[in-house]
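Q: Numbering (full-length UniProt numbering), first residue to last: 1 to 104.
Ideal placement from N, C-alpha and C gives every residue a C-beta, glycine not left out.
Just so you know, these numbers come straight off a predicted model, no measurement behind them.
What follows is a structure written as structure tokens; I'll ask about it next.
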Amino acid sequence: MKTIVHKIRLKDITLYHEFRDWVVHTDYQACHQLDSVLAFDVIDVSQSADAQFHFIEIIRLSSLEAFDRDMQTPVFQNLVARFEQMAEVIEEISGERIGNGYQQ
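This is the structure we're talking about:
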């Protein structure tokens, strides 16, 4: 399973609550239409205006090839357009999970 991690910085801290609401009501809901996405979480890191980043998102994918196809869909393009109005990815890391991991 491929995992992508993004550090996200808001363009303006006044968008903090709007961004959180969008994640819960739009971004998470859109994942049902993206076949490559196995799991998706956004982690709230800081509300401080001068924080290096405000959120982390963790995307677990079936494959990069499938995700590339999903990124071409209107659903994904609409997510990107709205995301870019509010925030920017300041760092991306990706890799493969070792084994099955642990979950209680």
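1) Can you list, in chain order, the residues of its chain whose CB lies under 7 Å from that of A30, leaving out five sequence neighbours each side?
2) Which of the three DSSP states is assigned to C21 in this structure?
3) What does the Cβ neighbour count give for L34, buried or exposed, with the cut at 16 atoms within 10 Å?
4) Does the structure place the region 10-19 close enough to the region 59-73 that three or more beta carbon pairs sit under 8 Å?
5) In this structure, what does DSSP give as the bridge partners for R60?
6) Do I59 and residue 115 come within 9 Å of each other at the CB atom, strictly closer than that value?
7) Extract the residue ranges of the beta strand (DSSP E) inside the region 71-98, only unbroken runs of 3 or more that lie entirely within it.
8) What did DSSP end up calling F67 once you bin it into helix, strand or coil?
A: For this structure:
1) Translated into positions along the sequence shown, residue 30 becomes position 30. Here the set comprises V75, L79.
2) For the purposes of this step, residue 21 is taken as residue 21 along the sequence shown, with counting starting at 1. The sequence given here places Asp at residue 21; Cys does not occur at that position. In the three-state reduction of the DSSP assignment, D21 falls in the helix class.
3) Looking up residue 34 in the sequence shown gives position 34. Flag for L34 reads buried.
4) Cβ pair count under 8 Å is below three, so no.
5) Taking the sequence shown and counting its residues from 1, the one referred to as residue 60 is at position 60. Under DSSP, the beta-bridge partners assigned to R60 are T3, A39.
6) Because the chain in this structure spans residues 1 to 104, residue 115 falls outside the shown range and cannot be described.
7) 87-96, all fully within the region 71-98.
8) Here residue 67 refers to the residue found at position 67 of the sequence shown. Note: F67 maps to helix in three-state DSSP.
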